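*Asks:*
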Amino acid sequence: MSRRFLVTGGSQGIGAAIVHAAREAGHQVVFTGRNQGHIDATVKATGAEGIKADVSNDSDNERIVEHCVRHMRGIDVLINNAAFGYSAEIGSIDMKAMRDLFATNVFGMVDLTNRVAPLMKAQQEGDIVNIASTSGTKGAKGATVYAGSKWAVRGITQCWQAELRPFGIRVISICPSEVQTNWMGRSGRNNPNKLYAHDIANTVMAGLNMPRHVLWTELAVFANNPWKED
2 MSRRFLVTGG SQGIGAAIVH AAREAGHQVV FTGRNQGHID ATVKATGAEG IKADVSNDSD
62 NERIVEHCVR HMRGIDVLIN NAAFGYSAEI GSIDMKAMRD LFATNVFGMV DLTNRVAPLM
122 KAQQEGDIVN IASTSGTKGA KGATVYAGSK WAVRGITQCW QAELRPFGIR VISICPSEVQ
182 TNWMGRSGRN NPNKLYAHDI ANTVMAGLNM PRHVLWTELA VFANNPWKED
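Using our numbering, read the sequence shown as starting at 2 and increasing by one per residue.
Here's what the structure looks like:
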């Protein structure tokens with residue numbers, strides 16, 4: 002059965018891999034991104050509809066949801082993937098950088114879902130997948146800002162589970178470990194023993210394909226083999 006997907010941060014990395022997987026499974030997909038070149042490339046590769054939008058912007062979120070309702074007649078699956086990183090130790094944290102990161106990684110996710118949840122409640126069905134991180138399961142040097150945002154995503158996911166399960170809505174938190182992307186400009190992360198973006202996409206689709214009475218509350222995904230950064 003074809004479902005209606007909205008994927009944030011879907012123009013590259015994990016988000017683009019999810020767009021690919023959903024389209025290959027025959028679903029309708031609208032995705033957002035901030036880089037028009039990346040958006041165009043993903044549209045060409047998948048046939049999905051890409052829209053330039055910033056999840057940290059409330060008016061952009063309003064516009065995207067209205068677009069999905071107008072062109073897809075609703076949203077069945079929301080993938081909250083848009084996020085970025087920032088590393089600094091306490092004593093040297095740029096508070097503007099922290100606020101900007103939380104505006105995307107946390108507040109934008111909440112604002113968008115705040116607009117989508119009533120649609121799903123009305124139809125008594127839906128799936129919300131929040132892409133967190135294993136960084137949100139442990140502390141690490143320099144990780145106050147990014148890890149803090151992903152701890153928040155995990156906690157928020159649990160709140161939404163308690164609120165939305167009675168309406169037939171599943172809320173899933175996926176926590177990837179190191180994935181082969183040029184995360185924060187570090188090309189040395191591209192190591193063949195690490196996870197690939199399509200590994201996370203396949204995990205997401207597996208969770209969505211479980212029978213409706215089955216809920217994966219949270220899943221951490223690691224690469225099987227140890228690796229060392231170049």
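Don't be surprised by glycine CBs; every beta carbon is placed ideally from N, CA and C.
Note that the coordinates shown come from a computational prediction; the quantities given were computed from them, not determined experimentally.
1. Bridge partners of residue 174, per DSSP?
2. How would you call residue 110, buried or exposed, if buried means at least 16 neighbouring beta carbons within 10 angstroms?
3. Measuring only the C-alpha atoms, how far is residue 142 from residue 98?
4. Which residue wins for smallest C-alpha separation from residue 133, given the options 93, 59 and 105?
5. Whose C-beta lies closer than 6 Å to the C-beta of residue 21 among residues of the same chain, with five residues either side of it excluded?
6. For residue 56, which three-state DSSP category applies?
7. Can you give me the start and stop residues for the alpha helix (DSSP H) that residue 37 sits inside?
8. Rounded to a whole number of angstroms, what is the C-alpha to C-alpha distance between residue 140 and residue 78?
9. Can we say the stretch 24-36 touches the stretch 3-11, given the rule of at least three CB pairs closer than 8 Å?
10. Am I right that residue 131 and residue 81 are in contact with their C-beta atoms under 8 Å? What's the rounded C-beta distance?
*Replies:* Once the coordinates are examined:
1. Walking along the sequence shown from the start, residue 174 turns up at place 173. Note: residue 174 sits in a beta bridge opposite 131 and 219.
2. Locating residue 110 in the sequence shown gives position 109, counting from the first residue. Answer is buried; the Cβ neighbour count reaches 16.
3. As a position in the sequence shown, residue 142 is number 141, starting the count at 1. As a position in the sequence shown, residue 98 is number 97, starting the count at 1. Using only the alpha carbons, I get a separation of about 17 Å.
4. By one-based count along the sequence shown, residue 133 stands at place 132. Looking at the Cα atoms, 105 is the closest of the given residues.
5. As a first step, residue 21 must be located in the sequence shown, where it is residue number 20. Result list for residue 21: 47, in chain order.
6. Walking along the sequence shown from the start, residue 56 turns up at place 55. If DSSP states are grouped into helix, strand and coil, residue 56 belongs with coil.
7. Taking the sequence shown and counting its residues from 1, one reaches residue 37 at position 36. 37-47 is the span of the alpha helix (DSSP H), which, as asked, contains residue 37.
8. Start at 1 with the first residue of the sequence shown, and residue 140 comes out as number 139. Start at 1 with the first residue of the sequence shown, and residue 78 comes out as number 77. Across the structure, residue 140 and residue 78 are spaced so that their CA atoms are roughly 31 Å apart.
9. Segments in contact, yes.
10. Residue 131 sits at position 130 when you count from the first residue of the sequence shown. Residue 81 sits at position 80 when you count from the first residue of the sequence shown. The Cβ separation is near 5 Å, so the contact holds.
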